[in-house]
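For the working numbering, add 12 to where a residue sits in the first sequence, where the first one is 1. Beta carbons: idealized from backbone N, C-alpha and C, even for Gly. What follows is a short report on a single structure.
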Amino acid sequence: MAEKTPIMMSQEERSVTYSQIKPVVVIVGPTAIGKSRIAIHVAKAWGTEILTADSTQVYRGMDIGTDKPTAADHAEVPHRLINIVDPDQPFNAGEFRRLAVQEIERLHRNGLLPIVVGGTGLYVRALLSGLWPGPPVDWTLRRKLEAEVAAGGMEGMFAELQQVDPESANRLHPHDRVKVLRALEVYRQTGLPLSKAHRQHGFQEQPFQALVLGLTMERSALYRRIEDRVEVELAKGLVDETRRLLGEGYSRQSVPMKSLGYRQMAGYIEGEYPFDEAVRRLKRDTRHFAKRQMTWFRKEPNLVWIEVAPHESPDVGAQRVSLHIDQFMSGLHLSRVSVRPMLSRVPQAQSGSQVGA
RNA sequence: GCCGAGGUAGCUCAGUUGGCAGAGCACAGCCCUGAAAAGGCUGGUGUCGACAGUUCGAUUCUGUCCCUCGGCA
13 MAEKTPIMMS QEERSVTYSQ IKPVVVIVGP TAIGKSRIAI HVAKAWGTEI LTADSTQVYR
73 GMDIGTDKPT AADHAEVPHR LINIVDPDQP FNAGEFRRLA VQEIERLHRN GLLPIVVGGT
133 GLYVRALLSG LWPGPPVDWT LRRKLEAEVA AGGMEGMFAE LQQVDPESAN RLHPHDRVKV
193 LRALEVYRQT GLPLSKAHRQ HGFQEQPFQA LVLGLTMERS ALYRRIEDRV EVELAKGLVD
253 ETRRLLGEGY SRQSVPMKSL GYRQMAGYIE GEYPFDEAVR RLKRDTRHFA KRQMTWFRKE
313 PNLVWIEVAP HESPDVGAQR VSLHIDQFMS GLHLSRVSVR PMLSRVPQAQ SGSQVGA
C-alpha cells in the first residue's frame with residue numbers, strides 16, 4: 013500500500029547502468045522441475061526476455077523431445093537462443109556463449125534484466141566463467157581419431173595421451189573416449205596440452221554480475237514428474253517427430269539425435285526393441301540425466317538453492333525467485349531501477365530496510 | 001487332493017559338485033573447459049521361505065511344513 017514506488021529511471025538511464033554493472037539472473041535446475049514456467053512468470057514481472065541455456069533447444073525441428081517453449085510461451089515472453097541451427101549443423105558451448113553474450117548486451121542496452129534459464133550446466137558455466145580460448149572440435153580430425161580407435165582400440169589412444177599430455181591422462185579415465193579424444197585432438201591441432209590450457213584459464217573470467225538460482229525438488233517427486241512428462245511428450249507425438257527427423261536424413265549417430273527422447277524412439281522405430289522398452293529407457297535415462305544435472309549444479313559456485321514443492325503452481329515458485337532477485341538487485345544498488353510493470357506483489361520483507369546498507 | 005516347477009538384493013534371475021553369494025535393472029555418490037540431454041567412474045550383509053536333521057561347517061544334502069505358479073482331478 014504505502015509502497016515505495018520504484019523510481020522509474022528513464023530507459024536511457026537504465027541502459028547506461030545495466031551496461032556498466034552487467035547484472036544477469038540465471039535459473040538452473042534438473043529437467044522437468046518446471047524451470048521454464050517459473051521463468052516465464054519472473055520474466056513477465058520484470059518485463060524482460062528469456063535466454064535459454066539448453067543444448068538441445070537450439071536445434072530447429074526438435075520441439076517435442078526438447079520440451080521447447082511453445083509459440084504461446086514465446087508470445088508471453090520472448091525466448092532467445094532457441095531454433096538457431098539445423099540438426100546437422102555443429103553447435104557447442106563456445107557458440108552458445110558468443111550468442112548469449114550478444115543477447116545479454118542487447119538487453120542491457122535496452123535497460124532490461126537478462127534472465128537465463130536452462131539445464132545445460134556447461135553452457136551456464138561457459139557463459140558466467142568463460143572458456144579457454146582454443147579451437148572447438150575439429151570434426152575431420154575427430155573422425156580420424158575415431159577411426160584410429162576402431163582400428164586399434166582405446167588403449168593406444170590413451171597411451172598416446174599419456175605421452176603428450178600426462179596431466180590430462182591422469183585426470184581422465186581411459187574409457188572416457190569423448191574427453192580422451194578431445195585432449196588428443198587439441199594436442200594434435202595446437203601442439204599444446206589441453207590440461208595446461210585449462211589450468212591457465214581456470215574459469216577465471218567474470219564478465220557479469222550473476223545471481224545463480226538452482227531449483228530443487230524432493231527426488232522421488234521429481235522422478236514422478238519426469239515420467240509424467242515423458243508420457244506427455246509421447247502423447248504430443250514424439251515418435252512421429254523422431255520419424256520425421258530420421259526421414260529428413262538426420263542420422264541416429266548425429267549429436268542432436270543422440271539426445272534424450274530421439275535416441276530411444278529411434279531404436280524403437282528401427283525395430284531394435286518394442287515401444288514399451290523405448291519408453292522404459294527414455295524414463296530411465298531422463299532420471300539419470302536429472303541426477304547428473306544435480307551433481308553438476310551442486311558444484312556451481314555461489315548458487316542459491318530454491319526448493320520447489322511438487323504440486324505448487326509456478327507463480328508461487330516464481331515469487332520465491334523474485335524475492336532473491338529483488339535482494340540481488342538491491343545489493344547491486346539497482347533496486348530503484350526495477351521495472352515491475354505488472355506488480356503481482358511479492359512479500360518484501362527486508363529489501364526496503366536494507367537498501368543502501 | 002495328486003503331479004510338476006519354483007521360493008536367493010527393492011525387481012528379474014544366476015550360482016555355490018557343502019566352505020559365510022553374484023549379474024542386469026532400480027537406487028545412491030561422483031567426474032566434467034567447444035558433442036555436455038554427450039561421455040565416463042564408484043558403490044551390493046541379503047534371516048539364500050520356515051523349522052529340524054546329517055556335517056567341523058548347510059543357502060547348497062535329507063525330512064517336515066508354509067507360500068506361489070502350472071497341469072490333473
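Query, Result
"Same chain, Cβ closer than 6 Å to A330, five either side skipped, listed in chain order", "I50, H53 and V54"
"Distance CB(V38)-CB(V128) smaller than 7 Å", "yes"
"Cβ pair T82, T68 closer than 7 Å", "no"
"Every unbroken beta strand (DSSP E) inside the region 211 to 287 [3 residues or more]", "221 to 228"
"C-beta contact flag for L272 and T307 at 7 Å", "no"
"Cβ pair V192, L184 closer than 7 Å", "yes"
"Outcome for P322 when other beta-carbon atoms lying within 10 angstroms are tallied against a minimum of 16", "exposed"
"DSSP state of P6 mapped onto helix, strand, coil", "As shown, the chain starts at 13 and ends at 369. That puts residue 6 outside it, with no answer to give."
"Host beta strand (DSSP E) of I76 (start-end)", "No beta strand (DSSP E) contains I76, which DSSP labels as neither H nor E."
"Proximal residues to S31 (C-beta, below 8 Å), its chain only, five neighbours per side dropped", "E117, H120 and R121"
"Spatial distance of A290 from K34 (CA atoms)", "45 Å"
"The beta strand (DSSP E) enclosing T64, as first and last residue numbers", "I62 to T64"
"E319 (DSSP reduced to helix, strand or coil)", "strand"
"Stretch-stretch touch, CB-based, cutoff 8 Å, three pairs: the region 131 to 145 with the region 160 to 169", "no"
"Proximity winner among Y235, G249 and A278, relative to I45 (alpha-carbon distances)", "Y235"
"S180 to L111 span [Cα, whole Å]", "29 Å"
"Backbone secondary structure at V28 - three-state DSSP", "helix"
"Bridge partner(s) assigned by DSSP for R92", "L63"
"P71 vs P42 beta-carbon contact at 7 Å", "It is worth fixing the name first, because residue 71 is Tyr in this sequence and not Pro. No, they are not a contact pair."
"Residue range of the unbroken beta strand (DSSP E) whose run includes I39", "P35 to V40"
"For I127, the three-state DSSP class (helix, strand or coil)", "strand"
"Status (buried if at least 16 other CB within 10 Å, exposed otherwise) for D252", "exposed"
"Anticipated Cβ contact below 8 Å, G130 with A65, distance rounded", "3 Å"
"Stretch-stretch touch, CB-based, cutoff 8 Å, three pairs: the region 240 to 252 with the region 263 to 270", "no"
"Burial state of S342, where buried means 16 or more other Cβ atoms lie within 10 Å", "buried"
"From L294, L257, D188 and Q218, residue whose alpha carbon lies closest to that of D240", "L294"
"Per-residue DSSP class, three states only, for V149", "coil"
"Own chain residues within Cβ distance below 7 Å of L315, not counting five before or after", "V224, G226 and F309"
"Between the CA atoms of G106 and V149 - distance to the nearest angstrom", "10 Å"
"Beta-carbon proximity of R332 to I318, cut-off 7 Å", "yes"
"7 Å Cβ cutoff met for L206 and L173", "no"
"Sheet register partners of V97 (DSSP bridge)", "Y71"
"Cα-Cα separation, Q23 to V328", "29 Å"
"Straight-line Cα distance separating V36 from E61", "12 Å"
"Rounded separation between Q218 and G123 - CA only", "21 Å"
"Alpha-carbon spacing of F215 relative to L204, whole angstroms", "18 Å"
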